[in-house]
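Student: Please find one structure pasted underneath; my questions will follow.
There are 2 protein chains.
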Amino acid sequence: MHAALELVSSEANFSAISLRRIARQAGVVPTAFYRHFEDLDALGLTLIEDTFRSLRQILGDAALASMPLKGLVRYSVELFAHYVRDNRLLFQFVVKERFAGTVAMREAIHNEIVLLTNALAADLARFDEFSHISQDDLRVISDLVVNTVITLSERILDVDPDNAEDDALMLRAEKQLRLIFMGVGRWESRSA
Amino acid sequence: MHAALELVSSEANFSAISLRRIARQAGVVPTAFYRHFEDLDALGLTLIEDTFRSLRQILGDAALASMPLKGLVRYSVELFAHYVRDNRLLFQFVVKERFAGTVAMREAIHNEIVLLTNALAADLARFDEFSHISQDDLRVISDLVVNTVITLSERILDVDPDNAEDDALMLRAEKQLRLIFMGVGRWESRSA
DNA sequence: CATGAATGTGAACACGTGTACACTTTAGGC
DNA sequence: GCCTAAAGTGTACACGTGTTCACATTCATG
Numbered sequence: 583m584h585a586a587l588e589l590v591s592s593e594a595n596f597s598a599i600s601l602r603r604i605a606r607q608a609g610v611v612p613t614a615f616y617r618h619f620e621d622l623d624a625l626g627l628t629l630i631e632d633t634f635r636s637l638r639q640i641l642g643d644a645a646l647a648s649m650p651l652k653g654l655v656r657y658s659v660e661l662f663a664h665y666v667r668d669n670r671l672l673f674q675f676v677v678k679e680r681f682a683g684t685v686a687m688r689e690a691i692h693n694e695i696v697l698l699t700n701a702l703a704a705d706l707a708r709f710d711e712f713s714h715i716s717q718d719d720l721r722v723i724s725d726l727v728v729n730t731v732i733t734l735s736e737r738i739l740d741v742d743p744d745n746a747e748d749d750a751l752m753l754r755a756e757k758q759l760r761l762i763f764m765g766v767g768r769w770e771s772r773s774a
Numbered sequence: 583m584h585a586a587l588e589l590v591s592s593e594a595n596f597s598a599i600s601l602r603r604i605a606r607q608a609g610v611v612p613t614a615f616y617r618h619f620e621d622l623d624a625l626g627l628t629l630i631e632d633t634f635r636s637l638r639q640i641l642g643d644a645a646l647a648s649m650p651l652k653g654l655v656r657y658s659v660e661l662f663a664h665y666v667r668d669n670r671l672l673f674q675f676v677v678k679e680r681f682a683g684t685v686a687m688r689e690a691i692h693n694e695i696v697l698l699t700n701a702l703a704a705d706l707a708r709f710d711e712f713s714h715i716s717q718d719d720l721r722v723i724s725d726l727v728v729n730t731v732i733t734l735s736e737r738i739l740d741v742d743p744d745n746a747e748d749d750a751l752m753l754r755a756e757k758q759l760r761l762i763f764m765g766v767g768r769w770e771s772r773s774a
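Line by line, the protein sequences give chains Z and G.
Counted from 1, the first sequence has number 589 at position 7 by the working numbering; the numbering is strictly sequential.
Counted from 1, the second sequence has number 611 at position 29 by the working numbering; the numbering is strictly sequential.
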């Protein structure tokens, strides 16, 4: 698995690397691959699963819902950015395969993102600031927030690790999220 | 070029299809490929160029800056969505290669998006509603808007063409953009 | 209509690919 | 310390790959 991640990180994407190259990178003979996965698709799906399993755990442990809304934006952006940096290869893989992968992979990633969006909507619902927002609109807003955070991680992965210009990226994302939350204050859900 | 687009649309992505398969799809012998492009990279870059050239033209012709801000959101979302649907294969290609493509391709796409963002920022600056926003913040806002529209097109491409549930997607994107613009009303640029 | 450029052809090359199969090595629980 | 399941090995096959080169065809324009 790690060999595959390394190759995908330095090459274009998963479909561009072969079973034999992965095996070579892992220091193992090609046929040994089959001892662990039925085929390349299975490997890819496992990598995606792993990524989101641990991401869900991080986000769950953080218990964001019990924080004051003030400062939550900065905190969660930093938490997320930290996690992305710590799992660079894994996230690079997911970002690349989100649109370029197999249908199975794309669906898996999509489903996980939907789950994250739902979780965020549920968290936001607990804040007074969102009490005037309808259920549907809560999901629309969460969707926008999730997309903004995804874009942030794509960008963090695009600059090289020790460049440290991530700060500018994070500040921009924070600004955008604050802007969104400002809009929420004036928002009126027709069917609230 | 069209043969390549068809294959990429039905397969995973560009790096997964071979020169020989493109030639076969085009009804031509493999070596004939070299009469038109130096290699596959050149083909890919040309496709990206073409996509954005015509997109820039559409957006330029629309002269959005001369419209009232009211109704502009709905109009531009519809214009954009229409264009994406009319150039489904082209956009599918760009979306897939945005992160999974060659470095050259990725850079080309990235640069084009930056151009679009700058153009939007310049357009927004003409509206009274944005007169209290600093130059930098204008770019941050435009960035958020562009990302939201990109996400919309990714989703339009994900549902099959004659499904006609695009409307729901467009409504969501419109809501999100209106939310952003609501935030702008309360936004205060510190260095305005 | 002729001529020259643009486009398409076919054979050949060296090499990378996924996977099957029988075999050997490694490691952990009784 | 043995023995069994897991992991790794080496060989072999049929096939797809990019690119080369000399040759054939098409087509526009003088």
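All C-beta atoms, glycine included, are put in the ideal place defined by N, C-alpha and C.
Compute the Euclidean distance between the alpha carbons of Phe709(Z) and Arg656(Z), then round it to the nearest angstrom.
Tutor: Answer to the nearest angstrom: the Cα atoms are 17 Å apart.
Student: Assign Lys652(Z) to one of three DSSP states: helix, strand, or coil.
Tutor: In the three-state reduction of the DSSP assignment, Lys652(Z) falls in the coil class.
Student: Which residue marks the beginning of the alpha helix (DSSP H) containing Asn816(G), and which one marks its end?
Tutor: As displayed, chain G neither begins before 583 nor continues past 774, which places residue 816(G) out of reach and without an answer.
Student: Going by C-alpha to C-alpha distance, which of Glu660(G), Ser771(G), Asn595(G) sits closest to Ser716(G)?
Tutor: Selected option, being the one with the closest Cα: Ser771(G).
Student: Just how far apart, CA to CA, sit Asp833(Z) and Glu747(Z)?
Tutor: Residue 833(Z) is absent from the structure shown; chain Z starts at 583 and stops at 774.
Student: For Val659(G) and Ile691(G), what's the separation of their Cα atoms in angstroms?
Tutor: 21 Å
Student: In the region 608-677 of chain Z, which residue ranges form an unbroken alpha helix (DSSP H) of at least 4 residues, counting only runs that do not cross its ends?
Tutor: 622-644, 654-668
Student: Can you name the start and end residues of the alpha helix (DSSP H) that Asp744(G) belongs to?
Tutor: Element bounds for Asp744(G): n/a, residue is neither H nor E.
Student: Mind checking whether Leu698(Z) and Val741(Z) have CB atoms under 7 Å apart?
Tutor: no
Student: Tell me where the alpha helix (DSSP H) around Glu736(G) begins and ends.
Tutor: From DSSP, the alpha helix (DSSP H) with Glu736(G) extends over 717-740.
Student: Could you work out which residues of chain Z lie near Glu736(G), taking near to mean beta carbons separated by less than 8 Å?
Tutor: Phe681
Student: Since I believe Gly765(Z) is in contact with Ile723(G) (beta carbons under 8 Å), could you give me their beta-carbon distance rounded to a whole number of angstroms?
Tutor: Incorrect: roughly 11 Å between the Cβ atoms, too far for contact.
Student: Apply the 10 Å Cβ neighbour rule to Val731(Z) and answer buried if 16 or more other Cβ atoms are within range, or exposed otherwise.
Tutor: buried
Student: Taking the straight line between their C-alpha atoms, what separation do you get for His584(G) and Arg606(G)?
Tutor: 12 Å
Student: Counting only Cβ pairs nearer than 9 Å, list the residues of chain Z close to Thr730(G).
Tutor: Leu726, Asn729, Thr730
Student: Can we say the region 679-686 of chain G touches the region 674-683 of chain Z, given the rule of at least three CB pairs closer than 8 Å?
Tutor: yes
Student: Using a Cβ-Cβ distance cut-off of 7 Å, determine whether Gln717(Z) contacts chain G.
Tutor: no
Student: Give the secondary structure of Leu587(Z) by DSSP, where H, G and I count as helix, E and B as strand, and everything else as coil.
Tutor: helix
Student: Measure the alpha-carbon distance for Gln758(G) versus Ala594(Z) and round it to whole angstroms.
Tutor: 33 Å
Student: By the DSSP assignment, the alpha helix (DSSP H) with Gly767(Z) in it spans what residues?
Tutor: 748-768
Student: Output the boundary residues of the alpha helix (DSSP H) element that contains Arg688(Z).
Tutor: 685-707
Student: Going by beta-carbon coordinates alone, are Phe675(Z) and Leu601(Z) separated by less than 7 Å?
Tutor: no
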